[in-house]
Amino acid sequence: MQTSILDKYCDARLPWYTIYPTVSEFSAAVSAGACERWLRRLPGDDPVSLYLHVPFCRSICWYCGFPTQLTCRDKPILDFVAMLRDEIRLVADHVPQALPVSDVHFGGGTPTSIGPTAFLELLELLRRCFMFSKMATIAIEIDPRALTAEMAETLGAAGVNRASIGVQSFDPIVQKAVNRVQSEAQTATAVERLRRHGIRRINFDLIFGLPNQTVPSCVQSAKTAIAMRPDRLAVFGYAHVPSYMKRQRLIDEEALPDNAARAEQAAAVADTLVAAGYRQIGLDHFALPDDELTLAQKAGRLRRNSLGYSADTCKTVIGFGPSAIGRLGDGYVQNEIATGSYNQHIRAGRLAISRGYTLTDEDRLHAAIIERLMCDLQVDVSAICAAHGFDPAAFLDSAERLEMLAEDGVVDIDKGFIRVKQEHRFVLRAVASAFDAYLGRSPY
Ligand code: SF4
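Below, the structure written as structure tokens:
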């Protein structure tokens, strides 16, 4: 890809468009009261997704952008689990009936840090408060360094059927530079334990753009991952925003690859994975041909949600735990980010919502266009405008950045149909940002 395009359109501050509008538009105008009303209005027969955030890790990786905190003790974790259980009961009191559930995701942090007994009790409570479909996906994020044999067995026995394993890089030099030293054997053991206990759907997370990373290092990590044959891989570009994420200040900026090197790393990993039989999905995912993500993309029903790409078709997400984001038909709600504030609310018997956003008709239109672009790399703007009752001509004329993207050869535009050229997939977020009505400060 041309350096001029990269320099013009690559910007770490651009949103990832997992949701639209992005969290920077959330405000305290949406309170726990609004959330209660929105929960009461949820249709009783529409399946929902549940997301549970466990904000603890046994060590902190310096690149990490997730809300999580270090703890070496079990007590704060167990105290938190008691709050999480209370929050589940509180939410269940506000929905019209036990809602059907098709998708559950335990994220964090390190969700397995709650231990086998607390995990089983938590899942049991969820099953009592909601109606789990027999086919429900129950997924959990795994740090191989912290997965015990007992926990792997518990996850299998509890019905967990997808595991997302944090790898990032197998290169010891890179691992040391980001404070995440994890041997190949630790990852292989975690995969083997999970598979042995019936958890066969395995995702890997890899990262490029980390300090000291090179193209050969990235390709070698991809090859080592391929040898363990995960069904899916997410290959994220490291976003260095130390002004926002203090822990990233520990990273040596001099050792970070520039935009051109990052693009080369991303392309080399993609080529390696595609040559090994994986299909490229959206901006940064790869999946085997028979994986649900691949099938969803083929059928045009791939979705973008706060976890990335998904085949889950639920319109509603209920979030539990500090910082968790829910999507409730009328808009978004987010819990208090700090665990202490979250605990205070729950202890007082009220939902821990700190902010949120009420969606307008215009937001839904922009969100639909951005979602299709991020999922399909193309979008029929005219058709989506018509479906939402908007005039496409007025809408396209006001998207000023589109013209520039077309002039630079990043996109083709034909009668309201926009297609991102394959070779410019790397700047997909910049294309999506052309439809972001709130991105006030242009990086270009
Ligand atoms: S990357 Fe995972 S294990 Fe590392 S600090 Fe973040 S949440 Fe914890």
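Count the sequence shown with the working numbering and you get residues 243 to 686, in order. Note that the Cβ used here is the ideal one computed from N, Cα and C, for glycine as well.
Local conformation of residue i per DSSP, three classes
{"i": "M377", "result": "strand"}
{"i": "E665", "result": "helix"}
{"i": "P685", "result": "Caution is warranted here: a pLDDT of 37 is assigned to P685, below 50, making its placement in the model unreliable, and the coordinate value is therefore given only provisionally. Three-state DSSP puts P685 in coil, outside helix and strand."}
{"i": "C299", "result": "strand"}
{"i": "F412", "result": "coil"}
{"i": "K418", "result": "helix"}
{"i": "H630", "result": "helix"}
{"i": "Q428", "result": "helix"}
{"i": "E645", "result": "helix"}
{"i": "Y551", "result": "strand"}
{"i": "T354", "result": "helix"}
{"i": "F562", "result": "strand"}
{"i": "E383", "result": "strand"}
{"i": "L498", "result": "coil"}
{"i": "D622", "result": "strand"}
{"i": "D447", "result": "strand"}
{"i": "A405", "result": "strand"}
{"i": "G398", "result": "helix"}
{"i": "L389", "result": "coil"}
{"i": "T653", "result": "Note that residue 653 corresponds to Val in the displayed sequence, not to Thr. In this structure, V653 counts as strand in the three-state DSSP scheme."}
{"i": "Q576", "result": "strand"}
{"i": "Y293", "result": "strand"}
C-beta contact flag for residue i and residue j at 8 Å
{"i": "I444", "j": "D473", "result": "yes"}
{"i": "C460", "j": "Q417", "result": "no"}
{"i": "R504", "j": "G542", "result": "no"}
{"i": "L256", "j": "A502", "result": "no"}
{"i": "S596", "j": "N577", "result": "yes"}
{"i": "R489", "j": "C306", "result": "yes"}
{"i": "E267", "j": "Y680", "result": "yes"}
{"i": "G571", "j": "G598", "result": "no"}
{"i": "G350", "j": "F322", "result": "no"}
{"i": "L672", "j": "Y251", "result": "Residue 672 is actually Ala in this sequence, not Leu. Going by C-beta atoms, A672 is nearer than 8 Å to Y251."}
{"i": "T514", "j": "A476", "result": "no"}
{"i": "F372", "j": "A340", "result": "yes"}
{"i": "L492", "j": "H482", "result": "no"}
Segment limits, alpha helix (DSSP H) that includes residue i
{"i": "P358", "result": "P358 to C371"}
{"i": "Y251", "result": "T245 to Y251"}
{"i": "I330", "result": "K317 to H336"}
{"i": "D618", "result": "D603 to D618"}
{"i": "Y599", "result": "Element bounds for Y599: not the alpha helix (DSSP H) but the beta strand (DSSP E), I595 to T600."}
{"i": "L670", "result": "L670 to S675"}
{"i": "Q339", "result": "It is not in any alpha helix (DSSP H) - Q339 carries neither H nor E in the DSSP assignment."}
{"i": "Q586", "result": "T581 to R589"}
Unbroken beta strand (DSSP E) run spanning residue i, endpoints
{"i": "P342", "result": "P342 to G350"}
{"i": "A476", "result": "R474 to G479"}
{"i": "G568", "result": "I567 to R569"}
With a threshold of 8 Å, are at least 3 pairs of Cβ atoms found where one atom belongs to the stretch 276-285 and the other to the stretch 322-342?
yes
Report yes or no: do the stretch 341-348 and the stretch 361-373 share at least 3 C-beta pairs separated by less than 8 Å?
yes
The stretch 291-307 contacting the stretch 638-651, beta-carbon criterion three pairs below 8 Å:
no
Suppose only complete runs of 4+ residues qualify. What are the alpha helix (DSSP H) ranges in the stretch 510-557, listed by chain order?
534-540
Using 8 Å as the cut-off, can you tell me whether the stretch 585-600 makes contact with the stretch 564-575, which would need three or more C-beta pairs spanning the two stretches below that distance?
yes
Taking contact to mean at least 3 C-beta pairs separated by less than 8 Å, is the stretch 385-392 in contact with the stretch 425-438?
yes
Any chance the stretch 372-380 sits against the stretch 449-458, with 3 or more Cβ pairs inside 8 Å?
no
Taking 8 Å as the threshold, find out whether the stretch 353-360 comes into contact with the stretch 317-332 through three or more Cβ pairs.
yes
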